[in-house]
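2 protein chains.
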Amino acid sequence: MTGEMPEKGPLVLLVEDEPQMRRFLRAILQSHGYRLVEAETAAEGIAHATAYNPDLVLLDLGLPDGDGLDVTRRMREWTATPIIVLSARGQESDKIQALDAGADDYLTKPFGGGELLARMRVALRHAARPGGDDAAPIVSFGDIRLDLVRRQVFRGDDEVHLTPNEYKLLTTLAKNAGKVITHRQLLKEVWGPNATNQTHYLRVYMAQLRHKLESDPARPKHFTTEPGVGYRLRTE
Amino acid sequence: MTGEMPEKGPLVLLVEDEPQMRRFLRAILQSHGYRLVEAETAAEGIAHATAYNPDLVLLDLGLPDGDGLDVTRRMREWTATPIIVLSARGQESDKIQALDAGADDYLTKPFGGGELLARMRVALRHAARPGGDDAAPIVSFGDIRLDLVRRQVFRGDDEVHLTPNEYKLLTTLAKNAGKVITHRQLLKEVWGPNATNQTHYLRVYMAQLRHKLESDPARPKHFTTEPGVGYRLRTE
DNA sequence: GCGCGGCCTCAAGAAAGCGTCAAGAACGGG
DNA sequence: CCCGTTCTTGACGCTTTCTTGAGGCCGCGC
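For the protein sequence lines, the chains are A and B, in the order given. So the first sequence is numbered by our numbering: it starts at 4 and just counts up by one. So the second sequence is numbered by our numbering: it starts at 4 and just counts up by one.
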C-alpha cells in the first residue's frame, strides 16, 4: 500500500431546498470524493459562497426566499466559479435566462447522476485552465529561488538538485516561512507519522540542505536551529 | 441583410452530415452574426478545424466516416476550442462519453435554437477569458519538433517514428514542459487509471523515447529523471 | 572542571529506484 | 493464417537515496 495523501477533492457548494434532492446529491458527490457544503436558501447560498469559496456550485432554481437567478448574477459580480443550475423547469426560456445570467450549465430534473458528474468534470476542467488559482508559486530567500510548480530549486542561476526528502523538507519549511516548526511536525510531514521520534533524520537532512543552499553551511543564515524545539526558515 | 458591416462575428465550424439539419443551423447562426464553416465528415471536420481555427465547433455525432468522439479527442490533443456536441442519441452513457472525451456541452436533438445560442454564448464566454489560448500546436526543444496537429515528430529534418504509447507519453510530457510529472500521472494518462503502479512501463518507454530523441541517450538533456518522483521534459 | 544532553559531521552499508536488454504475448493488416 | 509491429514482462547490474552509527563540538548546570 502507498501512504497516500488525504486526497481532498474539489469543494462543492450545494444550494437546494428539497431535503430529498439534497440527500440524493450528497450521496453521489461524497461517494465520488467531493467535499460538500450545503445551503437551503438563496441568501445562505451567497453567504456560503463567499465564506467557503467553493470550486463549483450546484444551484437549484426555485428556492424559497428568492430567485435562483439572482444568486447567479450576484456571484458573477465577483467570481467565475462554475455554476451548474439544476431545475425542475425545462422551458427553453428558463434555460436561456439562467445561462445568460452567468450559469455554466443547466440540467433539467430528473437527471442521471452520471451525467451530472460528467458535467461537473467539464466545469472543473474549465476552471482549472487559466493559471488563475496558483498565486505565488515561487518562494525566494537570499540567492535561492524555490519554484513549487516546476519542482525546481535555483541558487543564483544554477539549478540545485534535491533528493525527494530534501525537497519535501524544504517545502514544508518554506510553506511556513518565518515560523518555527517542531521536530515532530517536520518528521510527520516528511517521513510520515510513524517516524516522529527519529530526530536524527532531521539533523542529517538539515545539514544536507544547508550544504546545498547556504553560502556558509556552518553558520546558517536561513536554516536556523531552534534548540530543543525545531527549525525555522528565514526568508529575509 | 447585405451591405452590412464586415461581419466579424465568431467563426463557427459546423460538422454535420444531414443536409436538413445543416440548413436549420445555418439559418440560425447566420442570422445571429456568426461566420460559418461547414464540414460533412469527421475527416473534413478535423481538416477544417486546423485550417480555419474556429472559435467554436458544433459537432454532430454519428458521422458517416467515423465516430464523432474521435474528432473530439483528436482536437483536444492540440486545442481547447469549445466543442458542443449535437446528437440524436440521448442515452446518459453517450453524454458522459462525449463530455469526458473533451466536449464542453451536449445537446440532444431536437433542441431549440434559443438554447443552442445560449449555450454557445456560454462556451464562447469561457474561451474568451484571460490567459487566452495556450497550447501552441508545435512544441520544440533541441533539434526536436513535435507537431500536435499532424501527430508527427521531427529530429532535424527527419521524421521520427513513434509508437502510439511513445507518442502519448511524449505529448503528456510536452504539454507540461518544464514541470515534473509524477509516475502516477504519466501512467494514468498513457496507460489508463488501472495501471498507475506499473512504473516499469515508464522505464522501458522513457528509454525508448530517449533513444529516439536524445543525442546521447545515456546522458539525457531533455528527458530528465526526478528520482522517486517522476520525469520532466526540459524545453530550453 | 566535569558530566550531560542536544546538535553537527562524516561515512558506510542497506534499500530503493533506475536503465538496459531481450524474449514471449498480443495485436493488426494483408 | 502469417508476418511485422507493438506491448508486456522478467532478470540483472548500476546509481541514487536512505538509514544508521560513531565521534566531536558546544553550552549549561552542578
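All C-beta atoms, glycine included, are put in the ideal place defined by N, C-alpha and C.
Top-ranked residue by Cα proximity to residue i, from the options
i	options	result
Leu-149/B	Lys-178/B, Arg-124/B, Leu-127/B, Val-125/B	Lys-178/B
Gln-201/A	Gln-211/A, Gly-116/A, Arg-187/A	Arg-187/A
Thr-75/B	Gly-69/B, Pro-67/B, Ile-86/B, Leu-66/B	Ile-86/B
Trp-185/B	Asp-108/B, Val-152/B, Thr-228/B	Correcting the residue type first, residue 185/B is Thr in the shown sequence and not Trp. The residue with the shortest Cα to Cα distance from Thr-185/B is Thr-228/B.
Leu-59/B	Val-88/B, Glu-21/B, Gly-159/B, Arg-213/B	Val-88/B
Asp-103/A	Thr-238/A, Arg-79/A, Gly-115/A	Arg-79/A
Ile-147/B	Val-163/B, Asp-108/B, Ala-210/B	Val-163/B
Thr-82/B	Arg-92/B, Ser-96/B, Ala-54/B, Tyr-234/B	Ala-54/B
Ser-34/A	Gly-12/A, Gly-231/A, Gly-105/A	Gly-12/A
Pro-167/B	His-129/B, Asp-160/B, Val-156/B	Val-156/B
Leu-62/B	Ala-42/B, Pro-223/B, Thr-238/B	Ala-42/B
Leu-173/B	Asp-160/B, Asp-161/B, Ala-210/B	Ala-210/B
Ala-131/B	Gly-195/B, Pro-57/B, Gly-65/B, Phe-144/B	Pro-57/B
Gly-71/B	Gly-48/B, Arg-153/B, Lys-171/B	Gly-48/B
Leu-66/B	Ala-106/B, Leu-28/B, Asp-20/B	Asp-20/B
Gly-117/A	Arg-122/B, Leu-151/B, Ser-96/B	Ser-96/B
Ala-91/B	Val-232/B, Asp-73/B, Thr-111/B, Lys-98/B	Thr-111/B
Val-15/A	Tyr-234/A, Arg-124/A, Phe-144/A	Arg-124/A
Tyr-234/A	Phe-27/A, Val-18/A, Leu-176/A	Leu-176/A
Arg-77/A	Pro-113/A, Gly-93/A, Ala-106/A	Ala-106/A
Val-152/A	Gly-181/B, Val-18/B, Lys-98/B	Gly-181/B
Gln-100/B	Phe-114/A, Lys-98/A, Leu-120/A	Leu-120/A
Arg-158/A	Phe-27/A, Leu-212/A, Tyr-204/A	Leu-212/A
Glu-169/A	Leu-32/A, His-225/A, Trp-194/A	Trp-194/A
Sheet register partners of residue i (DSSP bridge)
i	result
Asp-68/A	In the DSSP output, where bridge partners are listed per residue, Asp-68/A has none listed.
Ser-143/B	Arg-148/B
Ser-90/B	Thr-111/B
Gln-155/A	Asp-150/A
Tyr-37/B	None; Tyr-37/B has no bridge partner.
Thr-228/A	Tyr-234/A
Thr-185/A	Gly-233/A
Glu-162/A	Phe-157/A
Leu-32/B	Per DSSP, none; premise fails for Leu-32/B.
Val-15/A	Leu-39/A, Leu-59/A
Residue-level contact to chain B via CB, residue i, 7 Å cutoff
i	result
Gly-71/A	no
Ala-121/A	yes
Gly-12/A	no
Gly-115/A	yes
Val-15/A	no
His-225/A	no
Met-8/A	Any reading at Met-8/A needs caution, since the residue's pLDDT is 44, under 50, leaving its predicted position unreliable; the model's value is listed next. Judged by the 7 Å Cβ criterion, Met-8/A is not in contact with chain B.
Pro-67/A	no
Pro-167/A	yes
Neighbour flag for residue i against chain A, beta carbons, 7 Å
i	result
Thr-5/B	Its pLDDT being 48, under 50, Thr-5/B is placed unreliably in this model, and the value from its coordinates should be taken loosely. No - not a single Cβ of chain A is within 7 Å of the one on Thr-5/B.
Val-183/B	yes
Gly-163/B	First, the amino acid is wrong: residue 163/B is Val here, not Gly. Val-163/B does not count as touching chain A.
Glu-239/B	no
Val-232/B	yes
Glu-118/B	yes
Gly-195/B	no
Val-60/B	no
Val-74/B	no
His-186/B	no
Val-125/B	yes
His-51/B	no
Check distances from the C-beta atoms of the region 76–110 of chain B to those of chain A and list, in chain order, the residues that come in under 9 Å.
Ala-83, Glu-95, Ser-96, Lys-98, Ile-99, Gln-100, Ala-101, Leu-102, Asp-103, Gly-105, Ala-106, Asp-107, Asp-108, Tyr-109
Please list, in chain order, the residues of the region 137–157 of chain A that have any C-beta partner in chain B closer than 7 Å.
Val-152, Arg-153, Arg-154
Interface positions of the region 24–40 of chain B facing chain A (Cβ-Cβ less than 9 Å), listed along the chain:
From the region 24–40 of chain B, no residue has a Cβ closer than 9 Å to chain A.
Interface residues of the region 200–218 of chain B facing chain A [CB-CB below 9 Å]
Asn-200
Quick check for students: name the residue ranges of the alpha helix (DSSP H) that lie wholly in the region 195–219 of chain B, counting only runs of 4 or more.
202–216
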